[in-house]
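My numbering puts the first residue of the sequence shown at 1, with every later residue one more than the last.
Glycine is no exception: its CB is placed at the ideal position from the N, C-alpha and C atoms.
Please read the structure below before turning to the comments.
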Amino acid sequence: MIISPFFIILYSFSYENLVIRMQSTQKGFTLIELMIVVAIIGILAAIATAQYQRFIAKSQVAEGLNLLGGVKAVIEYEWAQSAEFPSDAQLSNWGVKKSGIYVDSINSDVANKQISALFKSTGTSSLIKNKTIVFEQLADGSWSCQVTPSSIDVSLLPSVCE
């Protein structure tokens, strides 16, 4: 019996021979493949940590905005009643919450028609420590967010302040 070279080539590339060859030669991952995977996971973790820190800072800023919202409501009422911007003492008489978990104090500046929230130096994100949010009441009664170099990064504030 004569075996043609074509048959030998077909036999050597048959499914069973390929499976046997793969099983005998590949037993796991190489060290370089594992190192590449670890490096990729490390890079992704570094990016995720930075984004998480920004998310935490934004949530802490939200507390300051909520406290300022309560103050603004009282000021709007007082303005409607007496056409005067209320002082800190008047705001305290209304029972306005003047501090929070992350907010050290809420202050009003009668002369400039401004209210501000100062964030605590401990227990807050490093992005907002000892920083302030300032809202100013304009002549038409609307509120404007004031951003200064010493205040909070604009990207952490709501779209009203951008």
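Counting C-beta neighbours from all protein chains within 10 Å, is the total for Gln53 16 or more, i.e. buried, or is it exposed?
exposed
Quick one, are the C-beta atoms of Gln137 and Lys113 less than 9 Å apart?
yes
Would you mind working out which of Phe135, Ala83, Thr122 and Ile56 sits nearest Leu67, comparing C-alpha positions?
Phe135
Selected residue, minimal CA-CA separation from Val160, among Cys145, Ser92 and Gly95:
Cys145
Once DSSP output is grouped into helix, strand and coil, what is the label at Ala50?
helix
What residues match up with Ala117 in a beta bridge as DSSP calls it?
Ile106 and Ile133
Closest by CA to Ser87, which one among Ile106, Gly100, Ile101 and Ser99?
Out of Ile106, Gly100, Ile101 and Ser99, Ile106 has the C-alpha closest to the C-alpha of Ser87.
In its own chain, which residues sit with a C-beta less than 8 Å from the C-beta of Asp109, not counting the 5 before and 5 after it?
Ile115 and Ser116
Cα-Cα separation between Leu156 and Val61, rounded to whole angstroms:
Whole-angstrom Cα-Cα distance: 7 Å.
Measure the CB-CB distance between Leu65 and Pro158 and report whether it falls below 9 Å.
yes
Would you mind reading off the limits of the beta strand (DSSP E) that contains Ser166?
The structure shown does not extend to residue 166, since the chain spans only 1 to 162, so no value can be given for it.
Contact criterion: CB-CB distance below 9 Å. Does Tyr102 meet it with respect to chain B?
Considering every chain present, this structure includes no chain B. It has just one protein chain.
I'd like the span of the beta strand (DSSP E) that includes Ser144, first residue to last.
Counting along the chain, the beta strand (DSSP E) containing Ser144 begins and ends at Trp143 to Gln146.
For Leu127, which residues from the same chain have a beta carbon less than 6 Å from its beta carbon, with the 5 sequence-adjacent residues on both sides left out?
Ala57
Given that a residue counts as buried once 16 or more other Cβ atoms are within 10 Å of its Cβ, and exposed if not, what is Thr30?
Looking at its Cβ environment, which holds fewer than 16 other Cβ atoms inside 10 Å, Thr30 is exposed.
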